[in-house]
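So this is what it looks like as structure tokens:
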């Protein structure tokens, strides 16, 4: 006995899935570019983190004493951007679901905001540790 084919919402979702191949990769890159453009256009927090983070990424190689430390400095900035994008996605979805206050939607937004805060703390601690290890001995001189 063969399983029954999917029906209802599952069939609709399955029809939206891509088939794979290089075309899928190309389309995925387009969706990612559109997402970044939307974040820059609509998300003030992302623009602020981008304005602060781009110079940090550009200076990381010069400021860090080792390649591994430079990678860590860049990685934590990228992590902040990633978490902010996910938080923005949660907020956009919550706002699309309901324009009214709902405790679970509020909790989802608060959890996303907390994730951004923790990523910012991690970034600050990482930059302080790397730069402190490099500059503190020179300051104590």
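Numbering (our numbering), first residue to last: 91 to 231. Here a beta-carbon is modelled for each residue, glycine too, at the ideal position from N, C-alpha and C. Values in this document were obtained by computation on a predicted structure and should not be read as measured data.
Outcome for residue i when other beta-carbon atoms lying within 10 angstroms are tallied against a minimum of 16
i	result
residue 130	exposed
residue 122	exposed
residue 190	exposed
residue 125	exposed
residue 175	buried
residue 111	exposed
Option nearest residue i by Cα separation, candidates the options
i	options	result
residue 147	159, 163, 132	163
residue 214	139, 195, 194	139
residue 181	156, 159, 167, 132	132
residue 226	119, 135, 155	155
residue 204	111, 184, 137, 177	177
residue 135	109, 179, 223, 224	179
Residues of its chain near residue i, where Cβ-Cβ distance is below 8 Å and the 5 sequence neighbours each way are ignored
i	result
residue 188	195
Contacts around residue i, its chain only, beta-carbon distance under 7 Å, and the 5 residues preceding and following it disregarded
i	result
residue 50	No answer is possible for residue 50: it lies beyond the span of the chain, which begins at 91 and ends at 231.
residue 150	160, 163, 164
residue 216	162, 163, 166
residue 186	none
residue 198	180, 184
Validate contact between the region 156-171 and the region 198-213 using beta carbons, cut 8 Å, 3 pairs: yes
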